[in-house]
Each structure stands twice: as structure tokens, then as C-alpha cells.
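Start counting the sequence shown at 164; every next residue gets the next number (our numbering).
We put the beta carbon where it would ideally sit given N, CA and C, even for glycine.
Working notes, beginning with the structure itself.
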Amino acid sequence: MRETESVPAHCDVAKLDGALNRPQWQAAIVGIADPVTLGCHLAMSIACSHSFSDGNKRTAYTTLGVFLSENGYQLTTSVADETIATGVEQLVEAYHVSEGHGEAQLERFIAYIRTVTVRRSLPR
């Protein structure tokens with residue numbers, strides 16, 4: 164979107180920007196260095212930000228996979244893995260019910276993602 168300077172009418176760029184910057188903040192301020200944890204924070208941030216009028220959870224799931232891949236990891240589940248989709252849905256619900264926190268649900272989601280993630284060999 165930034166490169167083409169086109170923004171879909173259904174996208175709140177400020178919310179999306181905040182969601183996309185969460186892993187950088189988590190790394191710089193909180194000191195989290197683990198890509199799996201950062202990817203899960205990113206997915207939660209996107210899903211809960213409601214940057215789009217539709218598809219926030221799908222975008223979160225897809226972004227998690229891309230983030231992990233860009234950081235040398237791979238999800239071992241299929242795209243049809245309902246556990247991840249359900250996990251993202253539960254993150255959103257926990258976030259809203261607990262007034263924006265949902266940390267316990269996030270920790271469960273991170274633990275599950277660890278079980279379905281492998282480190283890829285990076286080219287030399």
C-alpha cells in the first residue's frame with residue numbers, strides 16, 4: 164500500500180500501522196527476540212485492531228505464516244488447520260473480554276504455534 168500509495172477504502176491505515184509495529188516494539192522495549200512469540204503478537208495485533216472491514220483474522224493468520232517464513236521458520240500445518248483459525252478467534256474474544264489484554268490466551272496460542280513450527284535451514 165505504501166509503495167503504490169493506494170489504500171483500500173475499507174482499511175484504517177493508522178490501526179494497521181500500529182498493529183504492524185507491535186513486534187518491533189515488543190523486541191525493542193520488552194526485549195522479546197523469539198520470532199515465534201513476535202509472530203504471535205503480530206497476529207493478535209492484526210486480528211484485534213480491526214484495521215479492515217472484513218478479513219482481519221484471515222489477514223492475521225496469513226501474516227503469521229509470512230512473518231515466520233521471513234524469520235527462518237515454517238508452519239507445519241496445512242492452510243486448512245482449524246486449530247490456528249480457532250486460536251486467532253479465541254485471541255480476539257479474550258482481548259475484548261479482558262479489556263484489551265488476553266495474555267493467558269496469547270500464551271496458549273504461542274505454545275500451540277511452537278508445536279506446529281519448525282526452523283528452516285537458511286541458504287548459505
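Extent of the continuous beta strand (DSSP E) to which residue i belongs
i	result
threonine 280	280 to 282
glutamine 237	236 to 238
8 Å Cβ cutoff met for residue i and residue j
i	j	result
cysteine 203	valine 255	no
proline 198	tyrosine 236	yes
glutamine 187	isoleucine 195	no
leucine 231	valine 279	no
alanine 182	isoleucine 209	yes
Where residue i falls, given that 16 or more other Cβ within 10 Å makes a residue buried
i	result
threonine 200	buried
threonine 222	buried
alanine 191	exposed
Option in the options with minimal Cα separation from residue i
i	options	result
threonine 240	Asn234, Glu233 and Leu227	Leu227
valine 281	Asn234, Ala182 and Asp175	Asn234
isoleucine 247	Leu269, Cys174 and Tyr258	Leu269
phenylalanine 272	Ser232, Arg283 and Ala257	Ala257
arginine 185	Asp197, His173, Val176 and Met207	Met207
leucine 179	Ala191, His173 and Ser214	Ser214
histidine 173	Gly181, Asn219 and Thr278	Asn219
glycine 250	Ser261, Asp175 and Ile276	Ile276
Below-8 Å beta-carbon distance, residue i vs any chain B residue
i	result
methionine 207	The question asks about chain B, but that chain is absent: this structure has only one protein chain.
Segment limits, alpha helix (DSSP H) that includes residue i
i	result
glycine 194	From DSSP, glycine 194 is part of no alpha helix (DSSP H); its letter is neither H nor E.
serine 216	First-last for serine 216: undefined, no H or E at that position.
aspartate 180	176 to 188
aspartate 250	Just to set this straight, residue 250 is glycine in the shown sequence, not aspartate. Where glycine 250 is concerned, the enclosing alpha helix (DSSP H) stretches over 245 to 260.
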